[in-house]
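So the protein sequences, as listed, match chains R and Y.
FYI, this note's numbering numbers position 186 of the first sequence as 186, with every residue one higher than the one before it.
FYI, this note's numbering numbers position 133 of the second sequence as 491, with every residue one higher than the one before it.
Glycine included, every Cβ here is placed at the ideal spot set by N, Cα and C.
Model, not experiment: these values are computed from the prediction.
What follows is a single structure, written as structure tokens, with notes after it.
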Amino acid sequence: MTREAPRAAGVRDIAVVAFAQTDHRRTSEEISEVEMLMPVLHEVMESTGLKTADIDFTCSGSSDYLAGRAFSFTLALDGVGAWPPISESHVEMDGAWALYEAWVKLRTGDADTALVYSYGKSSPGSVRDVLTRQLDPYYVAPLWPDSVALAALQAQALIDAGTADEPALAAVGARSRADAAANSHAQPRGPVPQGDYLVRPLRTGDCPPIGDGAAAVVLAAGERARDLCERPAWIRGIDHRIEAHGIGVRDLTDSPSTRLAAERAGAYERPVDTAELHAPFSSQEVILREVLGLDDGVRVNPSGGALAANPIMAAGLIRIGEAAARIHRGESDRALAHATSGPCLQQNLVAVLEGDPR
Amino acid sequence: MSAILTAPLTVEFPFTRSVGPVQSAFLTGLREQVLLGVRTGDGRVLVPPVEYDPVTAEEIRDLVEVAPTGTVTTWAWNHEPRRGQPLATPFAWVLVKLDGADTALLHALDAPGPDSVRTGARVRVRWAEERSGAITDIACFEPYDGEPVEPAGHTGEFADAITGIVAPARLDYTYSPGRAQTGYINALGGRRIVGERCPSCRKVYVPPRGACPTCGVATAEQVEVGPGGTVTTFCIVNIKAKNLDIEVPYVYAHIALDGAGLALHGRIAGIPYDQVRMGLRVEPVWTEGSRYPDHYRPTGEPDADYETYRETL
Numbered sequence: 001m002t003r004e005a006p007r008a009a010g011v012r013d014i015a016v017v018a019f020a021q022t023d024h025r026r027t028s029e030e031i032s033e034v035e036m037l038m039p040v041l042h043e044v045m046e047s048t049g050l051k052t053a054d055i056d057f058t059c060s061g062s063s064d065y066l067a068g069r070a071f072s073f074t075l076a077l078d079g080v081g082a083w084p085p086i087s088e089s090h091v092e093m094d095g096a097w098a099l100y101e102a103w104v105k106l107r108t109g110d111a112d113t114a115l116v117y118s119y120g121k122s123s124p125g126s127v128r129d130v131l132t133r134q135l136d137p138y139y140v141a142p143l144w145p146d147s148v149a150l151a152a153l154q155a156q157a158l159i160d161a162g163t164a165d166e167p168a169l170a171a172v173g174a175r176s177r178a179d180a181a182a183n184s185h186a187q188p189r190g191p192v193p194q195g196d197y198l199v200r201p202l203r204t205g206d207c208p209p210i211g212d213g214a215a216a217v218v219l220a221a222g223e224r225a226r227d228l229c230e231r232p233a234w235i236r237g238i239d240h241r242i243e244a245h246g247i248g249v250r251d252l253t254d255s256p257s258t259r260l261a262a263e264r265a266g267a268y269e270r271p272v273d274t275a276e277l278h279a280p281f282s283s284q285e286v287i288l289r290e291v292l293g294l295d296d297g298v299r300v301n302p303s304g305g306a307l308a309a310n311p312i313m314a315a316g317l318i319r320i321g322e323a324a325a326r327i328h329r330g331e332s333d334r335a336l337a338h339a340t341s342g343p344c345l346q347q348n349l350v351a352v353l354e355g356d357p358r
Numbered sequence: 359m360s361a362i363l364t365a366p367l368t369v370e371f372p373f374t375r376s377v378g379p380v381q382s383a384f385l386t387g388l389r390e391q392v393l394l395g396v397r398t399g400d401g402r403v404l405v406p407p408v409e410y411d412p413v414t415a416e417e418i419r420d421l422v423e424v425a426p427t428g429t430v431t432t433w434a435w436n437h438e439p440r441r442g443q444p445l446a447t448p449f450a451w452v453l454v455k456l457d458g459a460d461t462a463l464l465h466a467l468d469a470p471g472p473d474s475v476r477t478g479a480r481v482r483v484r485w486a487e488e489r490s491g492a493i494t495d496i497a498c499f500e501p502y503d504g505e506p507v508e509p510a511g512h513t514g515e516f517a518d519a520i521t522g523i524v525a526p527a528r529l530d531y532t533y534s535p536g537r538a539q540t541g542y543i544n545a546l547g548g549r550r551i552v553g554e555r556c557p558s559c560r561k562v563y564v565p566p567r568g569a570c571p572t573c574g575v576a577t578a579e580q581v582e583v584g585p586g587g588t589v590t591t592f593c594i595v596n597i598k599a600k601n602l603d604i605e606v607p608y609v610y611a612h613i614a615l616d617g618a619g620l621a622l623h624g625r626i627a628g629i630p631y632d633q634v635r636m637g638l639r640v641e642p643v644w645t646e647g648s649r650y651p652d653h654y655r656p657t658g659e660p661d662a663d664y665e666t667y668r669e670t671l
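In structure tokens form, the structure reads like this:
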């Protein structure tokens, strides 16, 4: 089901035909979630010329824990225009997983078009504390290990294994922020000091900025995609895998779930020219590059990646959107997009996108 | 435009969780200063133990006692401990492979500074003085340079095993309702009720949320509605809510304020509960110091025609 799509009769090709994102900012208290989201929804709809009534399926990703309110996603639905009634679904995950659900829906033939969006405002709370609530509630969460602490354990494991050292990690952060200078949506743009230790061995420069943001993508199947977009970004394969929740059970220097997802998505069959990796911490990019076999010939995170903008719940969907947008613009022919969720790369999604041959 | 309102918001909940047989044995063991793991089908010992093999997903129940001494497999220096973390003074987060275990346990290591910690360091458990059967029964780890401590071979069976834990969770937020609802709340302070008109369908939403849910477009034009309104539908409440000093039965109603495109809800008073009806004309009653109407009462006007409020039902 999730293997690279065979070009057999009856199997529908599905493409990303539009992508939009907000300018990601440290705080956006003057606007509600739906006010933050609406311009992005309007932008993807306008770029395809579609109206709400033309969208067969809508799927979103967000988290009540960020908002501090139950069923917070229902308010964001106001921005979609859900009357007359629409077919809608929500995942309490990054929007990349909402996109996966929409992709399945399109593959079944139940829908020809889908709107996928996700958003997160980290500014109202303390995201390091909020993320502890996704941990094992019996053995781990009562100790309140925050997201930076867990990533730091992984970074130290990498250093002990001789795979990276602190300067190598700093170089990842520096390259990301330098690339982000060309991305008007990014939060820190251009050089950022490596900073002090947040949790050693990770410095502020190894960690993602905390911010608010939203993203939206339109998917379409077959000829519909060609109607809506000059150069659709065809999803040639997409897969996601998860590892044991106990981080003491896993080899933190490796990411077998990424490897398996990439294999099932067909990522190893031919080289990619671009990779958008959802690596909120510099050490995680080192692991992902190794696992995915990305050499220096691959353009990694030209957007600046999650080290330049990491709106929780949207950052993974943005990776797919950024990869697709490069194909739309003719800057890439075959791109890999990756999204992660959970501590220390626990869950990973890989998509392979291609443009039509030129 | 006036400044956006903000207010502290604390979400706090004591999560009461039941435990299965394996977690019960492990957590009860902590209370009794016994460390237990579970053996998988291929002979590995997992500490902390889980009920299903992470590789094969088979149920596993074979409990094994391991030592309170172990080896650090990775660490991270936490110079600024956060609320709820095991130690209030700077410490190292550590993954510790206890002697006899094949996997590592996450906890804190009490050490003088980052230079005194390394992967491979030997450590031992420091027990909390008061223990209840929770992961926090391990106060932390501490450096240890002695011989490994031999476990006594405990079976994992306890006379009064725990069956659950209470895990308090607290998150603090600064809530902001955003532009549209700030306008609504500020107007209420002046005993006015305002909505926002959709530029597309012209409906007036109250309370406004900044978007028209029908058209999916932003709303901005502020419109004052009421104060009079019409009961569109209602129910009679016969059960007294905790901490509520309103006598039952009372009436809770949907009220379409004049000029509003949809109804909001409120309590109806000043009329016997069994005389409230659809079409009844009402107005808000503000009590001293209140930032919102306490209830709505009849205006004495003739009932509204059904046709005038059917769209807001």
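Check: Inter-residue Cα distance where the pair is N301(R) and S60(R); Outcome: 24 Å
Check: Neighbourhood of A67(R) by C-beta, 8 Å cutoff - its chain only, sequence neighbours within 5 removed; Outcome: E33, K121, P124
Check: Contiguous beta strand (DSSP E) assignments of at least 3 residues, all confined to the stretch 369 to 434 of chain Y; Outcome: 393 to 397, 421 to 424
Check: Which residues DSSP lists as bridging E641(Y), in chain order; Outcome: R655(Y)
Check: Best match in A434(Y), E438(Y), R440(Y) for proximity to A450(Y) [C-alpha to C-alpha]; Outcome: A434(Y)
Check: Residue(s) in a DSSP beta bridge with K121(R); Outcome: D212(R)
Check: Contact with chain R by Y542(Y), beta-carbon distance below 9 Å; Outcome: no
Check: Three-state secondary structure (DSSP) of F57(R); Outcome: strand
Check: 8 Å Cβ shell around E29(R) - same chain, five flanking residues per side excluded; Outcome: S123, P124
Check: Straight-line Cα distance separating P280(R) from T431(Y); Outcome: 23 Å
Check: Proximity test, G246(R) beta-carbon vs the ligand MN heavy atom, cut-off 8 Å; Outcome: For the structure depicted, the ligand MN is absent and the ligand set is empty, with no information on it obtainable.
Check: Beta-ladder partner(s) of H42(R), from DSSP; Outcome: In DSSP, H42(R) forms no bridge with anything.
Check: Span of the beta strand (DSSP E), counted from its first residue to its last, around W234(R); Outcome: 233 to 242
Check: Where G149(R) meets chain Y, residues with beta-carbon distance less than 9 Å; Outcome: Sequence inspection shows Ala at residue 149(R); the Gly mentioned does not correspond to that position. Residues of chain Y passing the Cβ test: A434, N436, R440, Q443, W451.
Check: Neighbour list for Q381(Y) in chain R, Cβ cutoff strictly below 7 Å; Outcome: Y138
Check: Unbroken beta strand (DSSP E) run spanning A497(Y), endpoints; Outcome: 496 to 501
Check: Inter-residue CB distance, L317(R) and A96(R) (contact presumed, cutoff 8 Å); Outcome: 5 Å
Check: Neighbourhood of R26(R) by C-beta distance below 6 Å, restricted to the same chain and skipping five residues each side; Outcome: G211
Check: Buried/exposed call for S255(R), threshold 16 Cβ in 10 Å; Outcome: buried
Check: Helix, strand or coil at G491(Y) [DSSP, three-state]; Outcome: coil
Check: Members of the stretch 273 to 303 of chain R that neighbour chain Y once the beta carbon cut-off is set at 7 Å; Outcome: none
Check: Local conformation of F73(R) per DSSP, three classes; Outcome: helix
Check: Minimum C-alpha distance to L445(Y) - residue among T494(Y), G587(Y), V562(Y); Outcome: T494(Y)
Check: Minimum Cβ-Cβ distance from I235(R) to chain Y less than 9 Å; Outcome: no
Check: Bridge partners - T670(Y), DSSP secondary structure assignment; Outcome: Partner(s): none; T670(Y) has no beta bridge.
Check: Between the CA atoms of L602(Y) and R649(Y) - distance to the nearest angstrom; Outcome: 18 Å
Check: R200(R) - partner residues in DSSP beta bridges; Outcome: W435(Y)
Check: Alpha carbon of A15(R) to alpha carbon of G195(R), nearest angstrom; Outcome: 41 Å
Check: Cβ-based burial, R560(Y) [other Cβ within 10 Å; buried from 16]; Outcome: exposed
Check: Cβ-Cβ separation, T52(R) to V80(R) (assumed contact under 8 Å), whole Å; Outcome: 7 Å
Check: is_contact[G195(R), chain Y] using C-beta, thresh 9 Å; Outcome: no
Check: Inter-residue CB distance, A315(R) and I327(R) (contact presumed, cutoff 8 Å); Outcome: Contact flag wrong, Cβ pair sits at about 20 Å.
Check: Extent of the continuous beta strand (DSSP E) to which N348(R) belongs; Outcome: 347 to 354
Check: Distance, A157(R) Cα to A164(R) Cα; Outcome: 9 Å
Check: Proximity winner among P660(Y), P565(Y), G548(Y), relative to C556(Y) (alpha-carbon distances); Outcome: P565(Y)
Check: Cross-chain neighbours of I55(R) in chain Y, by beta carbon under 7 Å; Outcome: Within chain Y, no residue comes near I55(R); the closest Cβ sits about 11 Å away, beyond 7 Å.
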